[in-house]
Every structure is written in C-alpha cells, then in structure tokens.
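**Student:**
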Amino acid sequence: MSNQDEIEQRLNLELEMISINQLHELGNQAIQMGLIAGHGYRGGQYEILRQGEFILLPPNEAEQYLRDLINQASS
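The sequence shown begins at 1 in our numbering and counts up one residue at a time.
1) What are the boundary residues of the alpha helix (DSSP H) that includes GLY27?
2) Report all residues from its chain with a CB closer than 6 Å to the CB of TYR46; omit the five preceding and five following residues, and keep chain order.
3) How about ALA37 and LEU49: are their beta carbons less than 8 Å apart?
4) Using 10 angstroms around the beta-carbon of ALA30, count the other beta-carbons present and answer buried if the total reaches 16, otherwise exposed.
5) Write down the C-beta distance between ALA73 and LEU35 rounded to the nearest angstrom, noting that I regard them as a contact closer than 8 Å.
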C-alpha cells in the first residue's frame with residue numbers, strides 16, 4: 001500500500017467516524033425531544049425505535065430521517 005493510499009484510507013476512516021458520531025448525536029437529540037424511544041447500529045443498518053416500530057435504514061438515510069424528524073418537530 002502506498003503512502004497516498006494509506007492517507008486516503010485514514011481520511012475515509014475519520015470521515016466515517018464523524019458521520020457515526022453525528023448520527024448518534026441526532027439520535028440522542030430525537031430521544032430527548034421525545035420523538036423516538038431508541039436508536040443504534042444493528043447488522044450494518046441503523047435501527048430507530050419509533051412509536052413501537054423498528055425502522056432499519058442505511059446510516060445515510062437514517063441521518064436524513066432523524067434530521068427531518070427533528071426539523072418537523074422544531075417547526
């Protein structure tokens with residue numbers, strides 16, 4: 001693996017960690033607002049417990065779902 005490949009791999013990992021942290025923070029905010037009951041990763045998907053139902057989404061869709069939910073509640 002070249003030095004350039006190593007740097008790119010590290011940057012991708014750091015970006016992924018930032019995204020995971022943002023998703024976790026959005027989930028916690030939605031819980032505090034009473035919008036969802038729980039959230040977390042399950043089998044590569046992101047699971048959201050809302051109104052007694054489990055919603056499984058890819059992480060990027062889960063992030064958008066939570067953002068939309070929070071924005072709707074804040075309006």
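Backbone N, C-alpha and C fix where the C-beta goes; we use that ideal spot for every residue, glycine too.
**Tutor:** Taking the coordinates as given:
1) Counting from one through the sequence shown, the residue named residue 27 turns up at place 27. First-last of the alpha helix (DSSP H) with GLY27: 3-32.
2) On the sequence shown, residue 46 is found 46 positions in, with the first residue counted as 1. Non-local beta-carbon contacts of TYR46 in its own chain, meaning distances under 6 Å to residues more than five positions away in sequence, involve LEU57, PRO59, ALA62 in chain order.
3) The sequence position of residue 37 within the sequence shown is 37, counting from 1. The sequence position of residue 49 within the sequence shown is 49, counting from 1. In this structure, LEU49 lies closer than 8 Å to ALA37 by Cβ.
4) For the purposes of this step, residue 30 is identified with residue 30 of the sequence shown, where counting begins at 1. Buried, since its Cβ has 16 or more Cβ neighbours within 10 Å.
5) As a working note, residue 73 is residue 73 in the sequence shown. As a working note, residue 35 is residue 35 in the sequence shown. Under the criterion of beta carbons closer than 8 Å, ALA73 and LEU35 qualify as touching, at roughly 6 Å.
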